[in-house]
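Here is the structure we will look at.
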Amino acid sequence: MNDTFLDKLSKHILAQYKDHLQEIIIVLPNKRAKVFLLDALHNHTNQTIFAPQIISIEDLIQEISGIRSIDAIEILFEFYDIYTKITPLEEVQPFTTFSNWAKTLLQDFNEIDRYLLDPNFVFSYLKDIEALKRWDLQPKDTTSLIDNNLLFWKKIPEYYTSLYTHLKNKKCGYQGLIYRESIALLKDYSNKINNKKLIFAGFNALNQAEEKIILHLISNEQASIYWDIDAHFISNPYHDAGLFIRRFKNQWKNYVTQPFEWISEDFQQEKNIQIIGTPKTIGQAKITGKIVEEIISIDSNSTKTAIILGDENLLIPILYALPNSVNALNITMGYSGKNNPAQLLISKLFKLHTNAVNRNASHYTLYYKEVLEILNHPLVEPYLQVDELIQTIHNNNFTFFSIETLFRLKEEKYPNQKNTFFDLIFLKWENDPISILNRISNILVSIKSFLNNENEEEKISKTFVYALYKVINQLINYCDKHANKINDTETLYDIYKQIIDLAEVSFEGEPLTGLQIMGVLESRVLDFENIIITSVNEGKFPSGKSQNSFIPYDVKRELGLPTYKEKDAIYSYHFYHLLHRAKNIYLLYNSDNEGIDAGEKSRFITQLEIEKQPKHILSHKIYNAVLPEKAYNAVQVPKSDLLMERLQEIATEKGFSPSSLTSYIRNPIQFYFQRVLRINEMDEVEENIAVNTLGTIIHEVLEVLYYPYLNKYLSIKDIEEMLLKIDAITLEKFKLVYKEGEIKKGKNLLAFEVAKRNIYNFLQVEKNTVEAGEAVKIIALEEKIETLLEDERLPYPIKIAGNVDRIELRGNVIRIIDYKTGKVDGNALKINDFEALTSDIKNEKIIQLLCYALMFRNKPEYDSYPIEAGIISFKNMKAGFMPFGLGKGRGVIPQTMITNEMLEAFKTEIISLILEILNQQKPLKESI
0 MNDTFLDKLS
10 KHILAQYKDH
20 LQEIIIVLPN
30 KRAKVFLLDA
40 LHNHTNQTIF
50 APQIISIEDL
60 IQEISGIRSI
70 DAIEILFEFY
80 DIYTKITPLE
90 EVQPFTTFSN
100 WAKTLLQDFN
110 EIDRYLLDPN
120 FVFSYLKDIE
130 ALKRWDLQPK
140 DTTSLIDNNL
150 LFWKKIPEYY
160 TSLYTHLKNK
170 KCGYQGLIYR
180 ESIALLKDYS
190 NKINNKKLIF
200 AGFNALNQAE
210 EKIILHLISN
220 EQASIYWDID
230 AHFISNPYHD
240 AGLFIRRFKN
250 QWKNYVTQPF
260 EWISEDFQQE
270 KNIQIIGTPK
280 TIGQAKITGK
290 IVEEIISIDS
300 NSTKTAIILG
310 DENLLIPILY
320 ALPNSVNALN
330 ITMGYSGKNN
340 PAQLLISKLF
350 KLHTNAVNRN
360 ASHYTLYYKE
370 VLEILNHPLV
380 EPYLQVDELI
390 QTIHNNNFTF
400 FSIETLFRLK
410 EEKYPNQKNT
420 FFDLIFLKWE
430 NDPISILNRI
440 SNILVSIKSF
450 LNNENEEEKI
460 SKTFVYALYK
470 VINQLINYCD
480 KHANKINDTE
490 TLYDIYKQII
500 DLAEVSFEGE
510 PLTGLQIMGV
520 LESRVLDFEN
530 IIITSVNEGK
540 FPSGKSQNSF
550 IPYDVKRELG
560 LPTYKEKDAI
570 YSYHFYHLLH
580 RAKNIYLLYN
590 SDNEGIDAGE
600 KSRFITQLEI
610 EKQPKHILSH
620 KIYNAVLPEK
630 AYNAVQVPKS
640 DLLMERLQEI
650 ATEKGFSPSS
660 LTSYIRNPIQ
670 FYFQRVLRIN
680 EMDEVEENIA
690 VNTLGTIIHE
700 VLEVLYYPYL
710 NKYLSIKDIE
720 EMLLKIDAIT
730 LEKFKLVYKE
740 GEIKKGKNLL
750 AFEVAKRNIY
760 NFLQVEKNTV
770 EAGEAVKIIA
780 LEEKIETLLE
790 DERLPYPIKI
800 AGNVDRIELR
810 GNVIRIIDYK
820 TGKVDGNALK
830 INDFEALTSD
840 IKNEKIIQLL
850 CYALMFRNKP
860 EYDSYPIEAG
870 IISFKNMKAG
880 FMPFGLGKGR
890 GVIPQTMITN
900 EMLEAFKTEI
910 ISLILEILNQ
920 QKPLKESI
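Start counting the sequence shown at 0; every next residue gets the next number (numbering that gives the first Met the number 0).
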């Protein structure tokens with residue numbers, strides 16, 4: 000690689016100022032470049048020297064003005080102080096409302112000051128524009144909203160002047176104020192530095208204040224400036240990468256007599272540029288890892304390689320995707336405080352406690368999901384050890400419950416066990432920000448004490464916890480200083496969210512060795528041989544149009560303030576500067592332009608392709624995820640000896656139930672998990688009553704209602720008595736089955752009413768049949784029945800067992816009834832013959848009914864009665880009892896009485912199914 004910009008600068012400084020390096024001050028665009036410049040100076044000298052002073056432009060401005068910079072939150076508080084002093088008491092807005100518009104206004108103050116505009120002129124101009132918008136309104140036609148809006152624009156100059164004076168007196172301020180004050184004190188600074196000389200290097204876009212400072216020092220021969228621009232960009236009047244430097248070259252008077260330094264011709268040199276598109280963001284991380292592996296396999300010195308993240312959210316996926324061959328790594332960017340695991344825990348705590356107060360301040364009502372999110376958080380769960388409490392919440396359908404209930408449950412499960420950590424997390428929050436913050440601080444200290452320094456993962460967790468601990472301490476300081484502004488939990492949480500946006504977790508590393516990973520701004524003035532740039536998409540690189548300002552676009556253009564056009568030009572310079580001296584360039588972009596995480600190829604890529612240089616080798620590839628020939632391979636479980644033993648145990652002891660046989664037909668793997676391995680779905684809290692829960696409740700209510708009338712003929716009086724008990728018994732069963740679930744409102748109340756209506760309709764149908772003269776005698780309710788299949792085709796006798804909902808004697812016919820809460824069509828219970836009955840899951844209801852008939856036929860006392868088996872569907876009550884029938888089709892009258900011949904034919908089918916289940920040569924294979 001040719002000399003980098005910092006190499007060139009180092010050689011020039013050592014040649015010009017070798018004997019008096021202490022008399023120069025090198026000013027760079029950012030602090031990050033200082034380390035790399037010192038390294039370049041070290042590489043170009045073979046003797047021990049004192050390094051020159053190297054500072055960033057912001058440090059220089061603060062030094063000239065004598066004013067320190069304070070963070071955005073602190074400025075917001077200072078502004079609120081001023082606002083409350085100059086606003087009538089009855090018009091003062093709460094801090095949270097004020098901060099919504101004040102942040103935007105402060106940004107505009109900052110821009111106006113950085114570009115040295117007359118604030119009174121700007122604000123007067125904006126007020127006149129607002130007034131002109133309503134020029135046609137008579138005074139009587141205006142509303143208070145319009146009047147307040149115009150009043151706001153009239154007050155802005157007063158806000159600005161008061162805040163500016165206040166901050167200036169306190170010797171602190173926002174960036175724009177510091178710039179404006181530095182211009183006023185520039186001559187004093189110029190006199191103070193005596194013989195020292197400033198060297199500005201690597202700049203591109205300058206605001207008016209920076210331009211004025213640099214020009215003043217150059218005209219006094221106290222400074223020189225070195226640009227880093229390629230001839231291709233500065234000579235092309237339409238290329239955005241040279242927009243600013245071209246203007247400086249043409250407008251600065253010193254370039255009439257002095258040379259413009261430095262213009263290079265590196266961009267036109269040989270470059271291998273690979274443009275790689277891949278769907279979605281995560282694909283870019285995977286491809287980046289592969290590219291790094293290829294580069295390292297050719298040259299193990301990864302210091303020459305940099306990954307530039309167009310989207311900084313890609314940092315973690317890229318770290319996971321890097322190959323093991325990367326032995327050293329330097330990340331010159333912070334990890335977003337928003338994604339800090341400790342921060343996510345504290346956000347959940349704020350959510351839990353603020354929502355608890357908002358729901359019911361006196362009872363402090365908690366929501367189960369918010370409680371479980373905290374109990375299962377990786378920084379809480381291992382140290383609280385309250386698994387039984389979590390299971391109790393799941394099992395009992397707790398949805399909303401008081402804080403007292405939570406502590407009662409905890410005491411029941413862990414009697415006389417003090418758990419300070421649990422108390423810190425869940426005890427009520429007082430409406431006092433300082434006490435809340437102290438509680439959070441104690442929680443973080445507790446978590447720190449649980450973490451072990453020996454474990455690498457826990458060391459990282461401790462770093463995250465410490466980063467947040469510093470933020471909480473900062474908040475405590477704010478609360479101490481501004482107690483009158485942060486006086487409730489809501490305001491505290493609002494400030495917390497703003498601070499956490501600014502808080503980053505820094506990575507440790509050796510900046511000069513290993514693979515470099517950085518954001519776009521961190522790459523300024525740095526050059527690398529191999530460059531991988533991710534997220535080269537519109538909206539990311541460049542960042543696109545976003546205007547968070549009260550000043551309209553056309554006014555900004557007129558006043559010379561930067562707009563999205565200038566912002567795009569800055570990104571253009573950064574992009575092309577990265578390519579400037581690189582030899583191998585990889586531009587990755589998201590090729591998926593639809594749906595979530597979509598992107599459009601950046602204009603910079605199109606520009607590179609259209610304006611292709613003769614020596615550039617451009618290649619364009621699209622990588623798609625490798626799609627397997629099959630979307631999914633079915634699970635297959637061979638029948639081992641152990642599995643065969645378990646199947647025999649089921650077949651001979653517990654027995655195959657009708658539902659387990661239909662489960663096998665539906666999906667043998669489901670049968671394997673649920674029946675063989677006995678793995679059931681985990682109990683979860685049902686916020687809304689599930690269909691199967693509703694079915695269970697209806698079954699149990701009918702059992703309780705009918706039980707007193709077992710083995711007797713039903714009378715109209717019996718059914719009327721049952722009708723009177725529906726409400727009480729349904730409520731009792733709801734509470735028993737649904738436990739602590741809420742049934743007095745919402746969907747659950749509707750489900751409760753539906754259950755009652757279904758039972759009422761069922762009893763009305765029953766009453767009508769009795770009134771019509773039918774004799775109905777209940778023989779069994781929810782009774783377990785079984786039979787033993789003995790056949791020479793079977794390896795051993797097989798038990799079939801199950802619970803039948805209801806068996807009745809109606810007239811002279813035994814009816815076996817299965818209740819269904821879903822809708823069932825009577826035609827689904829008809830077949831023409833028994834062939835292949837057990838091979839199709841759509842016959843599952845017929846198989847269940849015939850299994851019940853087969854088992855019941857075993858009872859000798861009812862041997863002489865004919866049998867019917869059918870379904871009563873609560874969603875098809877008009878159909879009444881729908882029996883199984885042999886024979887279907889137009890004009891065919893099905894045979895509904897189940898004969899011994901039918902049962903024998905069915906038995907053959909069941910034996911065939913059981914033989915398949917017990918066949919060791921046939922594995923259990925998933926149905927897809």
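Where a beta carbon is used, it is the ideal one built from N, C-alpha and C, also for glycine.
On a CA-only basis, which of the options is nearest residue i? Give me that one, please.
i	options	result
P51	V34, I25, G333 and D591	I25
I870	N918, I806, N203 and L426	I806
K30	K10, T47, L59 and K841	L59
M854	F905, A800 and S161	A800
D187	G879, F540, I63 and S505	I63
E782	I12, F108, I797 and K858	K858
K614	V370, L749, N583 and K412	N583
I177	E210, Y225, L150 and G65	G65
With 16 as the cutoff for other CB atoms within 10 Å, does residue i come out buried or exposed?
i	result
H352	buried
V255	exposed
S223	buried
K496	exposed
V519	buried
G120	The question names Gly, yet the displayed sequence has Phe at residue 120. Under this definition F120 is an exposed residue.
W100	exposed
G282	buried
K611	exposed
V891	exposed
L723	exposed
Going along the chain, which residues of its own chain have a beta-carbon closer than 8 Å to the beta-carbon of residue i, five neighbours each way excluded?
i	result
L105	A71, I74, L75, F78 and Y173
V325	V291, I295, S301, G513 and L514
L348	I373, I424, I439 and I442
N148	E129
Output the boundary residues of the alpha helix (DSSP H) element that contains residue i.
i	result
L960	Since the displayed the chain opens at 0 and closes at 927, residue 960 lies outside it and no answer follows.
H619	Not the alpha helix (DSSP H): H619 falls in the beta strand (DSSP E), residues H615 to I621.
L75	A71 to I85
L40	R31 to N42
Y495	T488 to L501
Once the 5 residues before and after residue i are set aside, which same chain residues still bring their CB inside 6 Å of it?
i	result
I69	C171
I475	L436
A962	Residue 962 lies beyond the stretch modelled for the chain, which goes from 0 to 927, so this question has no answer here.
I317	A284 and T287
Span of the beta strand (DSSP E) holding residue i?
i	result
T533	N529 to T533
E807	I797 to R809
L780	V775 to L788
P882	F880 to P882
K819	V812 to K819
M896	Premise fails: M896 is in no beta strand (DSSP E) and is neither H nor E.
Q52	Q52 to S55
Leaving out five residues on either side along the sequence, give the residues of the same chain with a beta carbon under 7 Å from the beta carbon of residue i.
i	result
L408	L388 and T391
P893	K829, G884, L885, G886 and K887
L467	N339, A341, Q342, I345 and L443
>> Would the region 487-496 count as touching the region 260-271 if we require 3 or more Cβ pairs under 8 Å?
In response: Counting C-beta pairs closer than 8 Å gives fewer than three between the region 487-496 and the region 260-271, which falls short of the contact rule.
>> Three or more C-beta pairs under 8 Å: does that hold for the region 442-453 against the region 378-386?
In response: Touching, per the Cβ criterion.
>> I want to know whether the region 145-160 touches the region 574-582 - three or more CB-CB distances under 8 Å.
In response: Too few Cβ pairs lie closer than 8 Å, so no.
>> When you compare the region 840-848 with the region 761-772, are there three or more beta-carbon pairs, one atom per stretch, that lie closer than 8 Å?
In response: These segments do not touch.
> Is the region 704-712 touching the region 775-788, taking contact as three or more C-beta pairs under 8 Å?
Replying inline: The region 704-712 vs the region 775-788: in contact.
> How do the region 635-648 and the region 604-620 stand: do at least 3 beta-carbon pairs fall below 8 Å, yes or no?
Replying inline: With the cut-off at 8 Å, the region 635-648 and the region 604-620 do not touch.
> Taking one C-beta from the region 159-169 and one from the region 191-198 each time, how about it: are there three or more such pairs within less than 8 Å?
Replying inline: No: the two stretches stay apart, fewer than three of their Cβ pairs being nearer than 8 Å.
> Touch check for the region 517-535 and the region 2-14: three-plus C-beta pairs under 8 Å?
Replying inline: Yes, the region 517-535 is in contact with the region 2-14.
> Do three or more CB pairs link the region 782-796 to the region 659-671 at distances below 8 Å?
Replying inline: The region 782-796 makes no contact with the region 659-671: fewer than 3 CB pairs, one atom from each, lie closer than 8 Å.
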